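**Q** Quick one: the structure is below, and I'll ask about it shortly.
Residue numbers (our numbering): 28 to 761.
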């Protein structure tokens with residue numbers, strides 16, 4: 028065990044200590060003295076490393092005191108007993124670090140702890156994080172799009188990075204603020220802070236890019252060091268919707284964004300296997316921001332065991348009464364005039380054609396316009412606006428840059444940007460599936476909904492009933508949802524009632540009993556659910572896989588429950604009827620328990636929630652239906668078994684994804700009918716990504732920046748009134 032990054036070493040020591048303590052518990056009072064000494068050395072090393080993270084120990088002192096401890100730990104590991112080893116048919120006991128000769132066989136015995144191996148599922152998560160935040164996000168940032176638009180053939184390794192040397196100020200408790208040296212990397216500050224860091228900056232300053240860059244560095248580190256935590260990025264805006272305890276919210280986000288089962292997510296969070304990077308504190312609704320900070324602090328005090336980083340806009344954080352309890356704070360400063368000039372120089376050198384020095388004259392003209400106007404110079408002090416302006420105006424005969432007040436100028440630039448992106452269609456391979464006017468309307472509605480729901484990222488499964496315009500339509504949709512759910516449960520209970528009547532009085536009476544009871548129960552409770560408060564939003568199901576051990580447990584429980592219920596039927600109708608219910612209960616229990624959540628998806632796609640729900644619905648419906656049909660057909664009557672098998676399969680399929688799919692497509696139909704969003708949503712989102720309005724992050728989409736989202740939302744509300752009011756004529760068409 029070598030002295031490496033303190034955070035990684037701390038993770039390794041804690042995991043190793045847990046293993047040693049488990050071994051000590053098995054020995055009890057007979058634990059070897061060497062094992063107890065090794066545990067003591069681990070605890071001392073952990074204490075020293077925690078003191079370094081808290082700032083109570085210098086790095087030099089930490090290394091000096093830690094080195095002899097690590098040597099002793101290695102010695103303990105190298106002298107552990109080997110209780111049995113067989114060489115050439117001869118057994119040896121209690122040997123270590125020895126050379127043994129038996130006949131013609133020479134063997135050297137060296138005992139060392141095997142190198143730690145990363146959990147298979149964590150390795151998949153690490154690969155997904157790299158794909159999402161390094162390959163999809165960092166390699167497709169706006170600057171790269173500019174190079175393509177200006178005619179430069181992109182080679183990722185050769186892309187110049189004009190903002191690589193960031194302007195960073197460091198804030199520490201009870202110390203003067205200091206400017207960090209040029210070239211300081213975020214990961215260097217992260218390590219110095221013990222993995223606990225707050226990143227602040229102006230809108231568009233590059234905070235999310237800085238966070239993604241940190242994630243990329245941590246991914247590279249984790250690929251070489253199995254004990255290192257896996258970085259995961261979340262956006263805090265979605266926390267505000269329900270304000271759940273942070274641990275519960277993190278579990279849900281891991282499931283939704285990274286396709287991790289909830290059980291696995293809970294374990295990783297508890298064991299400190301993840302480095303949590305939380306973006307967008309300022310994107311939480313103002314009224315809930317203080318509560319969000321309190322939730323983060325509570326989680327860190329009681330639950331958090333791994334690194335923790337939070338990002339926020341500077342001005343929004345400074346007005347808060349409650350402060351985050353993090354080790355250090357860095358402030359991302361605006362670009363200097365020298366950096367802006369360097370930016371244009373790099374662009375010009377990389378894109379000008381040697382045979383035609385005037386080929387990039389638009390870039391020179393743009394630079395001159397910016398340099399002559401103080402307001403424009405101030406506007407280009409953030410990478411976002413500098414990149415947007417370049418994309419919009421760096422071409423021959425471009426319109427003049429607007430001047431005036433900052434906010435008005437920014438809105439005009441965003442409007443020109445949206446027009447310019449559609450002009451790229453004829454000069455690129457982009458296929459326009461939706462015309463410009465319709466696309467801009469869709470983007471405006473999407474942005475307005477994200478703003479209204481305090482979201483910055485959207486996945487297909489997140490479209491809720493509250494997205495529908497006008498309260499009347501929402502209530503009608505909610506009533507339909509309630510009736511569907513009520514009828515689903517009505518048919519489920521009616522099925523059991525109908526089977527009982529079928530076995531006692533025949534198939535016809537059984538079907539009548541099922542229909543009457545199921546419809547009455549379904550309509551009654553459906554109306555209660557549909558007319559009650561709050562939308563009925565069903566979630567996409569997690570990936571299902573078959574587990575024989577769980578199925579066996581379910582079979583036992585199901586048989587017991589089914590036989591108990593069947594005993595009552597037996598007293599009324601005979602042994603054969605009771606046996607049927609016992610078998611049905613056993614099969615149902617085995618099927619339900621045997622279908623378990625998949626640990627993690629190896630690939631994340633935008634339509635994954637839909638495909639997963641459809642696959643689960645069909646699989647469960649088929650298995651449930653066939654099982655009931657076979658049991659009913661073999662033990663009872665074949666026709667009755669077939670009918671009830673079909674009904675049971677339908678009920679199972681609806682429960683495992685069917686209702687979610689029905690809701691999803693019904694909502695898209697309603698939204699498409701009013702030209703608010705297209706029915707085929709993913710092709711539109713992909714088109715908007717090609718036009719550089721959106722970015723794809725794994726299976727989700729987001730606007731290229733929150734400022735762009737705010738612009739489109741403002742445009743929508745200006746054109747359509749506050750929130751999504753529509754005319755009475757549109758209401759009457761529902």
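Each residue gets a CB set at the ideal place from its N, CA and C atoms; glycine is no exception. Note that the structure is a prediction, hence the values are computed from the model and not measured.
On a CA-only basis, which of 37, 85, 59 is nearest residue 71? Give me that one, please.
**A** With distances taken between Cα atoms, residue 71 lies closest to 37.
**Q** Determine, using beta carbons only, whether residue 331 and residue 221 come nearer to each other than 7 Å.
**A** Contact: no.
**Q** Distance, Cα to Cα, residue 697 vs residue 687?
**A** Roughly 16 Å between the two C-alpha positions.
**Q** Going by beta carbon distance, what residues of the same chain come within less than 8 Å of residue 741, once the five residues before and after it are set aside?
**A** So the qualifying residues of the chain are 438.
**Q** Between 231, 691, 258, which has its C-alpha nearest residue 493's C-alpha?
**A** Residue 493 has its Cα closest to that of 691, out of 231, 691, 258.
**Q** DSSP puts residue 394 in a beta bridge; with which residues?
**A** Answer by DSSP bridge pairing: none, since residue 394 is not bridged.
**Q** Would you say residue 720 touches the ligand ATP, meaning its beta carbon is less than 6 Å from a heavy atom?
**A** As for the ligand ATP, it is missing from this structure, which has no ligand bound.
**Q** Give the secondary structure of residue 139 by DSSP, where H, G and I count as helix, E and B as strand, and everything else as coil.
**A** With a pLDDT of 45 at residue 139, under the threshold of 50, the predicted position of this residue should be treated as unreliable, and no value is reported.
**Q** May I have the straight-line CA-CA distance separating residue 235 from residue 164, to the nearest angstrom?
**A** Straight-line Cα distance between these residues: approximately 10 Å.
**Q** Please report the straight-line C-alpha distance between residue 353 and residue 223, rounded to a whole angstrom.
**A** Their backbone Cα atoms lie some 5 Å apart in a straight line.
**Q** Are residue 648 and residue 684 closer than 7 Å when you measure CB to CB?
**A** No, they are not a contact pair.
**Q** Output the distance between the C-alpha atoms of residue 431 and residue 337, rounded to the nearest integer angstrom.
**A** Roughly 35 Å between the two C-alpha positions.
**Q** How far does the beta strand (DSSP E) with residue 306 in it extend, from its first residue to its last?
**A** Start and end: 301-306.
**Q** So, at 7 Å on beta carbons, what are the nonlocal neighbours of residue 47 in its own chain, with the 5 sequence-adjacent residues on each side left out?
**A** Around residue 47: 62, 65, 66, 69.
**Q** Between the Cα of residue 369 and the Cα atoms of 402, 270, 634, 410, which residue gives the shortest distance?
**A** Looking at the Cα atoms, 410 is the closest of the given residues.
**Q** Under a three-way DSSP split, which group does residue 482 fall into?
**A** In this structure, residue 482 counts as coil in the three-state DSSP scheme.
**Q** Using the C-alpha atoms, what's the distance from residue 695 back to residue 43?
**A** One C-alpha to the other measures close to 52 Å.
**Q** Rounded C-beta distance between residue 260 and residue 304? I'm assuming under 8 Å.
**A** The pair is a contact, with the Cβ atoms about 5 Å apart (cut-off 8 Å).
**Q** What three-state label does DSSP hand residue 463 in the structure shown?
**A** The answer is helix: DSSP assigns residue 463 an H, G or I state.
**Q** Rank 214, 733, 204, 701 by C-alpha distance to the C-alpha of residue 468 and give the top, closest one.
**A** It is 701.
**Q** Would you say residue 155 and residue 484 are within 7 Å of each other, going by their C-beta atoms?
**A** No. Outside cutoff.
**Q** For a quick check, are the C-beta atoms of residue 214 and residue 197 less than 7 Å apart?
**A** Contact: no.
**Q** What residue from 457, 441, 486, 148 has the CA that sits closest to residue 287's CA?
**A** Nearest option by C-alpha distance: 148.
**Q** Residue 486 and residue 636 look like a contact to me (Cβ under 8 Å); what is the Cβ gap, rounded to whole Å?
**A** Contact holds; Cβ gap of about 7 Å.
**Q** Ignoring anything shorter than 4 residues, give me the alpha helix (DSSP H) runs that lie fully in the region 404-442, in order along the chain.
**A** Complete alpha helix (DSSP H) runs here, min 4: 410-420.
**Q** Can you tell me whether residue 178 is helix, strand or coil according to DSSP?
**A** Because the pLDDT at residue 178 is just 46, under 50, the model does not fix this residue reliably, and the value given afterwards should be weighed accordingly. Here residue 178 sits in coil by DSSP.
**Q** Bridge partners for residue 156 per DSSP, in chain order?
**A** Answer is none; residue 156 lacks a bridge partner.
**Q** For residue 719 and residue 210, what's the separation of their Cα atoms in angstroms?
**A** Their Cα atoms are separated by approximately 30 Å.
**Q** Distance, Cα to Cα, residue 108 vs residue 269?
**A** Residue confidence is low: residue 108 scores 41 on pLDDT, short of 50, so the model does not pin down where it sits. No coordinate-derived value is stated.
**Q** Check for me: the beta strand (DSSP E) holding residue 358 runs from which residue to which?
**A** Residue 358 -> beta strand (DSSP E) spans 355-359.
**Q** Could you tell me whether the Cβ atoms of residue 161 and residue 233 are closer together than 7 Å?
**A** Going by C-beta atoms, residue 161 is not nearer than 7 Å to residue 233.
**Q** Since residue 727 is in the beta strand (DSSP E), which residue starts that stretch and which ends it?
**A** Unbroken beta strand (DSSP E) run through residue 727: 727-730.
**Q** Under 6 Å Cβ to Cβ from residue 19, same chain only, skipping five residues before and after it: list those, please.
**A** The structure shown does not extend to residue 19, since the chain is modelled only from 28 through 761, so no value can be given for it.
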